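Inspection log for the structure reproduced underneath, given as structure tokens.
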Amino acid sequence: RAGANLQATDEEGRTGLSLFNIGLIVAAKEGSAENVNIFIEAGADVETRDESGETGLDIAVKRGHRAAAEAFLDHGITGYNREESLQQCDKNRERINKLNGNLISAAESGDNQGVEAALEEGAEITSRDWKGNTGLHLSAENGHQSVLLTLLTRGLNVNIRGHGQMTALMWVAMRGHLA
Numbered sequence: 016r017a018g019a020n021l022q023a024t025d026e027e028g029r030t031g032l033s034l035f036n037i038g039l040i041v042a043a044k045e046g047s048a049e050n051v052n053i054f055i056e057a058g059a060d061v062e063t064r065d066e067s068g069e070t071g072l073d074i075a076v077k078r079g080h081r082a083a084a085e086a087f088l089d090h091g092i093t094g095y096n097r098e099e100s101l102q103q104c105d106k107n108r109e110r111i112n113k114l115n116g117n118l119i120s121a122a123e124s125g126d127n128q129g130v131e132a133a134l135e136e137g138a139e140i141t142s143r144d145w146k147g148n149t150g151l152h153l154s155a156e157n158g159h160q161s162v163l164l165t166l167l168t169r170g171l172n173v174n175i176r177g178h179g180q181m182t183a184l185m186w187v188a189m190r191g192h193l194a
């Protein structure tokens with residue numbers, strides 16, 4: 016921040032401070048307490064709200080990101096009860112972990128409707144099994160094309176690596192599922 020003019024605008028009219036605030040919301044969505052702290056300490060407003068009116072704390076709690084929620088609370092966000100926020104965060108994480116397990120099981124077995132249901136209910140598309148494989152890897156390994164397409168259409172990175180640094184395409188080729 017030393018010497019930087021946080022009110023200067025870029026060609027789209029954004030200030031340095033508004034970019035910090037956007038970064039703060041992204042950090043909350045990703046559950047990165049480290050980045051939440053960095054953006055707040057750099058000047059982002061702990062009370063910043065996204066386009067739907069949610070604060071970073073609201074987002075972190077909804078997604079079960081306890082460390083990120085604690086970072087917002089530690090930096091003095093107002094209007095929230097710390098204990099209640101963290102209890103809700105933990106409850107949400109428990110629910111999301113269960114949904115993540117449902118997603119992984121459905122992807123591995125080729126249950127495309129189960130995959131879609133888990134995602135609709137809040138499963139994290141990047142969730143992994145105990146080996147480090149995502150649903151994309153498991154569906155590729157087992158030749159479940161409809162699940163592969165669902166996960167890719169929903170935005171899962173085709174190049175994401177799993178167990179043994181394998182990509183889904185590597186699994187497809189190795190298992191002979193190329194058509």
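Quick note: the sequence shown, position 96, residue 111 per my numbering, numbers continuous.
Note that CB positions come from ideal geometry on N, CA and C, so glycine has one too.
Computed from a prediction, not measured in an experiment: that's the story for all the values here.
- With 16 or more other Cβ atoms inside 10 Å of its own Cβ, E123 counts as buried.
- Its chain contains L118, I140, R169 as the residues whose beta carbon lies nearer than 7 Å to that of L134, once the 5 sequence neighbours on both sides are disregarded; these appear in chain order.
- Ranked by Cα distance from N172, the first of A48, G58, G150 is G150.
- Counting other Cβ atoms within 10 Å of its Cβ, T63 reaches 16 or more and is therefore classed as buried.
- Assigned with DSSP and collapsed to three states, R64 falls in strand.
- Collapsing the DSSP output to three states places T182 in coil.
- Residue ranges of uninterrupted alpha helix (DSSP H) with 4 or more members, entirely inside the stretch 69-100 and ordered along the chain, are 71-77, 81-89.
- For A48, the closest alpha carbon among the candidates E27, S33, L34, G71 is that of G71.
- Around the Cβ of T93, a 10 Å sphere holds fewer than 16 other Cβ atoms; the residue is exposed.
- Taking a 10 Å sphere around the C-beta of R78, we find 16 or more other C-beta atoms and assign the residue as buried.
- If you draw a straight line from the Cα of G137 to the Cα of G191, it is about 32 Å long.
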